[in-house]
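Counting in this note's numbering, the sequence shown runs from 2 upward without gaps.
Just so it is clear, CB atoms sit at the ideal spot from N, CA and C, and this is done for glycine as well.
These notes are about the structure you will find just below.
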Amino acid sequence: KEQCELEESPVGKSVLRQIIKNDEIAAQEKIAICQDTGMAVVFVELGQEVRIVDGDFNEAINQGVREAYAEGYLRKSVVSDPVFDRTNTKDNTPAVIHVKIVPGDKVKIAVTAKGFGSENMSSLKMLKPADGIEGVKNFVVETAVNAGPNPCPPIIVGVGIGGTMEMAAILSKKALFRPVGEHNSNLRYAQLEKEILQEINKSGIGPGGLGGRTTALAVHIEYFPTHIAGLPVAVNICCHASRHAEKLI
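In structure tokens:
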């Protein structure tokens, strides 16, 4: 709604109004915002004092996904084999599950239903340390701009920097869980988020790819220490239907 007020393009403003109306109808009717109800991605913070008994923890999560997609009448979009046997599993399992052991006696579960219109526009690059800040900025902006209208802008851009190839990718996904408008606690990375967002919105792609200043709503960066010879950067794009929820048990 804030971006709708700020958007200068009449067409862009109209698209944002349609998105808002769609969201309101979805809330009232209790139906999905978008027909692509994604692939379930689950981040679990498992307290080291918690003991899981009587059953398979991963299977319990997958059962939760089955029930959620059945009861919510959500589209089942997962195939059993990515290359040879692309047969629908018919219950949207298995979920992608990331488990982190943390201090305490609680379990925190964060879930997102990640649509693939935006997922397919994501990218990863192993930059050289010499590429520095400008290299990071250029790659993130280039990825978002090259995506054009495909990820259903306005988008949210998750960026993972550091670690290894797979760590950067996981960080970029985790970054999408952060509430829009909340910046990285490190002031330098917060400033980088703002600069990248500004550059993406200069592209003129706009809402729905029909022109305007609102191509992205936010850029979220998460980082991790890395090797002296590396600078991994992953960009995970999410559409405006950024569906995620958390529960502490």
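Within its own chain, the residues whose Cβ lies closer than 8 Å to the Cβ of Thr88, once the five positions on either side in sequence are excluded, are Val80, Ser81, Asp82, listed in chain order. The region 34–54 makes contact with the region 99–114; the number of CB pairs closer than 8 Å reaches 3 or more.
Segment contact: the region 155–164 against the region 232–241, three or more CB-CB distances shorter than 8 Å; contact assigned.
Around the beta-carbon of Tyr74, fewer than 16 other beta-carbon atoms lie within 10 Å, marking it exposed. Cβ neighbours of Asp37 within its own chain (closer than 8 Å, five residues either side excluded): Arg76, Ser78, Gly116, Phe117, Gly118. Per DSSP, the continuous beta strand (DSSP E) segment holding Tyr224 begins and ends at 217–227. If you check the CB distance, Gly164 and Phe85 do not come in under 8 Å. Going by DSSP, Lys175 is part of the alpha helix (DSSP H) stretching over 166–176. Distance between Gly56 and Asn93, taken at the CA atoms: about 21 Å. Taking a contact to require three or more Cβ pairs closer than 8 Å, the region 137–146 and the region 189–197 qualify as touching. Per DSSP, the unbroken beta strand (DSSP E) holding Ile98 starts and ends at 97–103.
Per DSSP, Cys239 lies in no alpha helix (DSSP H) segment; the continuous beta strand (DSSP E) that holds it begins and ends at 232–239. Spanning the alpha carbons of Val103 and Glu183 requires a straight line of approximately 23 Å. Counting the other CB atoms within 10 Å of its CB gives Ser186 a total below 16, which places it among the exposed residues. Per the C-alpha coordinates, the member of Lys101, Lys107, Gln64 positioned closest to Lys91 is Gln64. Scanning its chain for C-beta atoms nearer than 6 Å, with the 5 sequence neighbours on each side dropped, one finds around Val146 the residues Ser204, in chain order.
Using a Cβ distance threshold of 8 Å, Ile206 and Pro150 count as a contacting pair. Rounded to whole angstroms, the Cβ separation of Val234 and Ala169 is 6 Å, and the two are in contact under 8 Å.
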